[in-house]
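Novice:
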Amino acid sequence: MANKTIDDLASATLPLTGAERFHLVQGLNSRKATADRVRGFAEGGTAALAEGDLLYVSAGQIITRLPKGTAGQVLRQNAGLTAPEWASAPFTKEYNSGAQVIVSGGALTLAHGLGVAPKLTSAYLICHTATAGYAAADIIEAPHNNWDGASSVYGFAVEYSGSTNLLVRFGSNGFVFNHKTTGATAIGTGANWYFGARAWA
């Protein structure tokens with residue numbers, strides 16, 4: 006078969022096979038490509054593609070098919086940096102406790118329902134009564150600074166090694182954090198703040 010441009014090929018002659026060539030033309034640039042380079046996909050052409058599949062360029066500038074993954078998987082580069090691949094997401098479950106009442110020196114047992122011990126946790130404070138420059142509904146990262154200032158104990162601890170609960174213990178004198186506008190030291194308690202926790206597995 007003589008070299009042809011795509012416009013010269015009637016639909017009945019497609020798909021091309023083997024080493025048959027056609028031209029790819031864009032503006033003043035023209036390239037020839039063999040059918041086996043263009044069709045690929047185990048000689049099935051686009052008929053070998055399924056909904057959700059991805060295409061990438063492999064070694065030799067070959068367009069290659071990556072079959073779609075499964076629900077919840079994420080796309081990443083393989084170890085050899087030669088192709089994309091599907092992998093399990095680092096986190097597939099999430100828990101958020103929402104607003105919890107803070108009792109100085111008290112404790113909370115929060116059932117996270119993840120079924121396994123969390124890989125990561127985070128704690129936050131929700132302002133419910135304006136204080137230290139913060140307005141109601143403002144949210145800040147909960148400070149973990151557990152320390153004894155002379156006779157005062159601040160901060161909190163979260164124990165998350167269990168597959169069922171987060172166990173929270175509050176210091177007896179509240180939280181130490183920074184004023185929203187001045188940066189000065191501020192003390193927060195349950196009178197102005199709710200506590201919240203998140204966990205991922």
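Start counting the sequence shown at 6; every next residue gets the next number (my numbering).
Just so you know, even glycine gets a beta-carbon here, dropped at the ideal spot from N, CA and C.
For the beta strand (DSSP E) holding Ile145, just list the boundary residues, first then last.
Specialist: Here the beta strand (DSSP E) through Ile145 covers Ile144 to Glu146.
Novice: DSSP three-state label for Ala112, please.
Specialist: strand
Novice: DSSP three-state label for Gly65, please.
Specialist: helix
Novice: Taking only three categories from DSSP, how would you classify Ala128?
Specialist: strand
Novice: Applying the 10 Å Cβ sphere with the 16-neighbour rule, what's the burial state of Val173?
Specialist: buried
Novice: Quick one: Cα of Pro72 to Cα of Ala206, how far?
Specialist: 27 Å
Novice: Give the C-beta separation of Ala204 and Leu119 to the nearest angstrom, bearing in mind that I take them to be a contact with Cβ-Cβ under 8 Å.
Specialist: 6 Å
Novice: Using the Cα positions of Pro95 and Leu125, report the straight-line distance between them to the nearest angstrom.
Specialist: 10 Å
Novice: From Arg44 to Glu56, what distance separates their C-alpha atoms?
Specialist: Note that Arg44 scores 49 on pLDDT, short of 50, meaning its location in the model is unreliable; the coordinates nonetheless yield the value given after this. Their backbone Cα atoms lie some 17 Å apart in a straight line.
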